[in-house]
Amino acid sequence: MVTEKLSIRMMTMEDYDELHKLWMGIHGFGIRSIDDSREGIERFIKRNPTTSMVAFYEEELVGGILCGHDGRRACLYHVCVKEAYRKHGIGQKMVLACMEALKAEHVNKINLIAFKKNEVGNRFWQGLGWSYRDDVNYYECVLNEENVTTYVE
Numbered sequence: 011m012v013t014e015k016l017s018i019r020m021m022t023m024e025d026y027d028e029l030h031k032l033w034m035g036i037h038g039f040g041i042r043s044i045d046d047s048r049e050g051i052e053r054f055i056k057r058n059p060t061t062s063m064v065a066f067y068e069e070e071l072v073g074g075i076l077c078g079h080d081g082r083r084a085c086l087y088h089v090c091v092k093e094a095y096r097k098h099g100i101g102q103k104m105v106l107a108c109m110e111a112l113k114a115e116h117v118n119k120i121n122l123i124a125f126k127k128n129e130v131g132n133r134f135w136q137g138l139g140w141s142y143r144d145d146v147n148y149y150e151c152v153l154n155e156e157n158v159t160t161y162v163e
């Protein structure tokens with residue numbers, strides 16, 4: 011069984027190459043040229059050293075979550091599990107590990123964005139009992155036009 015050989019731990023920069031490879035293998039995944047570069051992820055992890063998680067099956071990286079907070083509210087980014095390892099509770103275990111890390115830092119709320127066309131992701135969050143909000147609008151302002159998003163085919 012997959013869960014018997016599964017380990018979840020805090021993400022470090024040593025995980026970056028394998029994590030980036032995982033991202034590039036997930037159909038429909040959006041990668042930003044600056045934010046998701048080695049330097050961008052290093053900045054993110056330095057700011058939030060204990061809250062992002064990776065999942066390993068034996069020695070293989072099979073999942074990851076970027077999780078950061080501002081001291082009040084957290085956000086999950088790039089929640090993913092390698093397709094061959096889905097439906098084994100890996101995503102849920104990583105989310106719970108992030109939640110525990112956030113509780114330890116006295117963060118009380120988590121937000122995330124799931125694209126409407128991401129049926130797998132939306133079913134996952136609904137299955138975990140997360141609340142869908144239709145009472146707010148999401149806005150963004152791009153500060154660096156060079157931070158281009160590329161979608162994995």
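When you line the sequence shown up against this note's numbering, it's residues 11 to 163, in that order.
We put the CB at the ideal spot given by N, CA and C, even for glycine.
With 16 other Cβ atoms within 10 Å as the buried cut-off, status of residue i
| i | result |
| --- | --- |
| Phe54 | buried |
| Gly139 | exposed |
| Tyr67 | buried |
| Ser62 | buried |
| Gly81 | exposed |
| Asp46 | buried |
Three-way DSSP call (helix, strand, coil) for residue i in this model
| i | result |
| --- | --- |
| Val72 | strand |
| Tyr87 | strand |
| Cys151 | coil |
| His116 | coil |
| Ala65 | strand |
| Met21 | coil |
| Gly81 | coil |
CB of residue i within 9 angstroms of CB of residue j, strictly
| i | j | result |
| --- | --- | --- |
| Ala65 | Met20 | no |
| Ile41 | Tyr161 | yes |
| Val72 | Val91 | yes |
| Arg57 | Gly74 | no |
| Asn118 | Arg83 | yes |
| Glu163 | His37 | yes |
| Leu29 | Ile51 | yes |
| Asn157 | Ile44 | yes |
| Leu153 | Trp135 | no |
| Glu115 | Thr60 | yes |
| Glu93 | Gly35 | yes |
Limits of the unbroken alpha helix (DSSP H) element including residue i
| i | result |
| --- | --- |
| Arg57 | Arg48 to Arg57 |
| Arg133 | Glu129 to Gly137 |
| Met34 | Tyr26 to Met34 |
Beta-carbon proximity list for residue i, same chain, < 7 angstroms, skipping 5 on both sides
| i | result |
| --- | --- |
| Arg48 | Tyr26 |
| Cys108 | Thr61, Met63, Ile75, Cys77 and Leu86 |
Host beta strand (DSSP E) of residue i (start-end)
| i | result |
| --- | --- |
| Thr160 | Thr159 to Tyr161 |
| Ile41 | Gly40 to Arg42 |
Close-in-space but distant-in-sequence residues of the same chain around residue i (CB under 6 angstroms, 5 per side omitted)
| i | result |
| --- | --- |
| Thr159 | Gly40 and Arg42 |
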